[in-house]
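Under the working numbering, think of the first position of the sequence shown as 15, with each following residue one higher.
Notes follow once the structure below has been shown.
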Amino acid sequence: MADWITTYRYAHRGLHDAKSDLPENSLAAFRAAATHGYGIELDVQLAACGTPVVFHDFTLDRMTGETGYVHTQTAASLSTLPLAGTGEKIPLLADLLAEIGGRVPLLIELKIAPRQRIGPLEQAVAHLLDAYHGPVAVQSFTPESVGWFAEMAPEFIRGQIAADFIRRPDRGMSWQDRLDWTKLWRSDVSQPHFVSYHVRDLPNPASRAVRRAGIPLICWTVRSEDQRALAENHADSYIFEGFTPDPMFGNRNRAKLNL
15 MADWITTYRY AHRGLHDAKS DLPENSLAAF RAAATHGYGI ELDVQLAACG
65 TPVVFHDFTL DRMTGETGYV HTQTAASLST LPLAGTGEKI PLLADLLAEI
115 GGRVPLLIEL KIAPRQRIGP LEQAVAHLLD AYHGPVAVQS FTPESVGWFA
165 EMAPEFIRGQ IAADFIRRPD RGMSWQDRLD WTKLWRSDVS QPHFVSYHVR
215 DLPNPASRAV RRAGIPLICW TVRSEDQRAL AENHADSYIF EGFTPDPMFG
265 NRNRAKLNL
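See below:
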């Protein structure tokens, strides 16, 4: 029983602040989250050399001012790029794991680009986590990515990320993918231990079914008091940004993770 998955609240991309030297997905933001006792949500993708780096966007421009795609750059090159004009650089996943060292739980989102092959990112992440001692889970929008862990590394806790893509379709998604990702119809592939659903879409038939089944439901990303109330009424914990809630989730009726 891994109660930590619903006991903690999770700082979205670390406890970042655009007005300070704490950019998103930086070691400084992760350090701040851990200092305050929050769990940490972060994004991981592969550099050209096959090294997992911590970065959300597939392109570099928003956070670094550089042009190009993350997957075309080596980790050595990426780790020199300043984040949002600060002294913080793009971290490697290995750097993040060394920095946190098991102090607080980690939710690692695997970012799968269109037409990206399943396997290399997952294998690289699993290799690093094999040597990590601390509470950690992997999650992804892509059922096949989560399913890789179900088949190849079942010892790791895994989660399926979801949102209502029927009402708000993502560009380039097929109608079948929109249905599958909204209604969790690919859960037979991902076999998730928990589900992470967009807070703006709660409650809905899929989220209700998850909770009826006793599967932990996390929601993302809570940014207002209204959304916090929604999360506390319809989820077992949440990922937050822009404010500092109590680190521990106080819902005594929350679901617990069964492994």
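Note that the Cβ used here is the ideal one computed from N, Cα and C, for glycine as well.
Among the options, the one whose alpha carbon lies nearest that of residue i
| i | options | result |
| --- | --- | --- |
| residue 137 | 185, 166, 21, 256 | 166 |
| residue 170 | 178, 183, 148, 187 | 148 |
| residue 258 | 54, 35, 19, 16 | 54 |
| residue 175 | 64, 139, 221, 185 | 221 |
| residue 58 | 50, 49, 40, 51 | 40 |
| residue 177 | 106, 155, 116 | 155 |
| residue 108 | 66, 128, 130 | 66 |
| residue 151 | 101, 119, 162 | 119 |
| residue 161 | 227, 202, 123, 24 | 202 |
| residue 128 | 71, 218, 91 | 71 |
| residue 227 | 239, 242, 209, 213 | 209 |
| residue 236 | 251, 230, 17, 179 | 251 |
| residue 310 | 104, 98, 232 | The structure shown does not extend to residue 310, since the chain is modelled only from 15 through 273, so no value can be given for it. |
Distance between beta carbons of residue j and residue i, contact taken as under 8 Å
| i | j | result |
| --- | --- | --- |
| residue 29 | residue 47 | 4 Å |
| residue 205 | residue 173 | Not a contact, Cβ separation roughly 11 Å. |
| residue 51 | residue 261 | 4 Å |
Status (buried if at least 16 other CB within 10 Å, exposed otherwise) for residue i
| i | result |
| --- | --- |
| residue 26 | buried |
| residue 266 | Because the pLDDT of residue 266 is 49, which lies under 50, any placement of that residue in the model is unreliable, and the number read from its coordinates should be weighed accordingly. Classification of residue 266: exposed, given that the 10 Å Cβ count is below 16. |
| residue 21 | buried |
| residue 144 | exposed |
| residue 200 | buried |
| residue 234 | buried |
| residue 15 | Confidence is the limiting factor: at residue 15 the pLDDT is only 43, short of 50, which leaves the residue's position unreliable, though a coordinate-based value still follows. Per the 10 Å Cβ criterion, exposed. |
| residue 190 | exposed |
| residue 134 | exposed |
| residue 168 | exposed |
| residue 207 | buried |
| residue 78 | buried |
| residue 141 | exposed |
| residue 24 | buried |
Residue range of the unbroken alpha helix (DSSP H) whose run includes residue i
| i | result |
| --- | --- |
| residue 44 | 41 to 49 |
| residue 91 | 89 to 92 |
| residue 19 | 18 to 21 |
| residue 78 | 75 to 78 |
Extent of the continuous beta strand (DSSP E) to which residue i belongs
| i | result |
| --- | --- |
| residue 56 | 53 to 60 |
| residue 253 | 251 to 254 |
> Can you list the beta strand (DSSP E) stretches of 3 or more residues lying completely in the segment 95 to 178, in chain order?
Replying inline: Counting only runs of 3 or more, we get 120 to 124, 150 to 154, 171 to 176.
>> In chain order, what are the residue ranges of uninterrupted beta strand (DSSP E) at least 3 long that sit wholly in the segment 196 to 243?
In response: Within the segment 196 to 243, the complete beta strand (DSSP E) runs of at least 3 residues are 208 to 212, 231 to 236.
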